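Residue numbers (my numbering): 3 to 281. Backbone N, C-alpha and C define an ideal beta-carbon position, used for all residues, glycine too. All values derive from a computational prediction rather than experimental measurement. Taking it in order: structure first as structure tokens, then the write-up.
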């Protein structure tokens, strides 16, 4: 059986500035900034929540199917999926570029970032893979219309799914977030995202578990906690020397999906997620 992963597919462009942003910003002129930073290096990586999660799940021996959108520059990304043996249902749009992030990091670790949604804005056009047996899904950050459409498709097919709220926490209003929570079988969020959920929906942890849902909350180096109608369980994070935390949340979700699809207990599932996040 397969696991459907719906969400962003993007290129990450990482640029390094060998200085300090603060030395080039004039506090008295913040209302009309006009700066150019000469960077020393640039790296283009394959990214996006859906793609990252699918990669982690595949490395564990799972069977992910990625559904989403790529633009006219997405040919090499499709080849990467094929090389990794990851199935896809991709809407290819020749009128726009794929979603892309551009991040400049200085010597202090400070960042200036921009994100272009590109093809992601039309990801709802991707065809649902009805020819594949799907036992579980993850609905992650994507174009807003795509997220709403995917919720409808999963609900209509009675496929249980994890609602991975991510960046959509700040984009949807409280009523829409409530619809996602009520339709999902499990909700995944960081501690900060959970605070946003409560602020926007008035749903607290107890309200969500009272609906029969499971709620997985990550809390950085402190680990993760799952709240279920039967109680709660906290699992510590794996202690490692932090080099780059980017993508750790997606790797964690890959582990969670594998554990849930294999019917592992929650402690084993969370520990697997923590191990995946440490790499």
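In terms of CA proximity to residue 97, 75 leads the group 107, 238, 75. Within the same chain, Cβ atoms closer than 7 angstroms to the Cβ of residue 176 are found at 202, 203, the five residues on either side in sequence being excluded.
Partner residues in the beta bridge of residue 229, as assigned by DSSP, are 217, 234. In the DSSP annotation of this structure, the continuous segment of the alpha helix (DSSP H) that includes residue 55 starts and ends at 51-61. Note on geometry: alpha-carbon atoms of residue 4 and residue 13 lie some 25 angstroms from one another.
Residue pairing by DSSP puts residue 89 in a beta bridge opposite 67. Distance from the CA atom of residue 171 to the CA atom of residue 133, rounded to whole angstroms, is 32 angstroms. In this structure, the CA atom of residue 19 is about 42 angstroms from the CA atom of residue 205. Cβ-Cβ distances below 7 angstroms link residue 64 to 5, 259, 260, 263 in the same chain, with the five nearest sequence neighbours on each side left out; the list follows chain order.
Residue 105 carries a strand assignment under DSSP once its states are collapsed to helix, strand and coil. Residue 185: member of the alpha helix (DSSP H) spanning 176-185, first to last residue. Of the residues 90, 55, 167, 29, the one whose Cα lies closest to the Cα of residue 278 is 55. Counting the other Cβ atoms within 10 Å of the Cβ of residue 143 gives 16 or more, which makes it buried. Counting every other CB atom within 10 Å of its CB across the protein chains shown gives residue 45 a total below 16, marking it as exposed. Pairwise C-beta distances place the stretch 116-124 in contact with the stretch 100-108, as three or more of them are shorter than 8 angstroms.
Judged by their CB atoms, residue 155 and residue 22 are not nearer to each other than the 8 angstroms cut-off.
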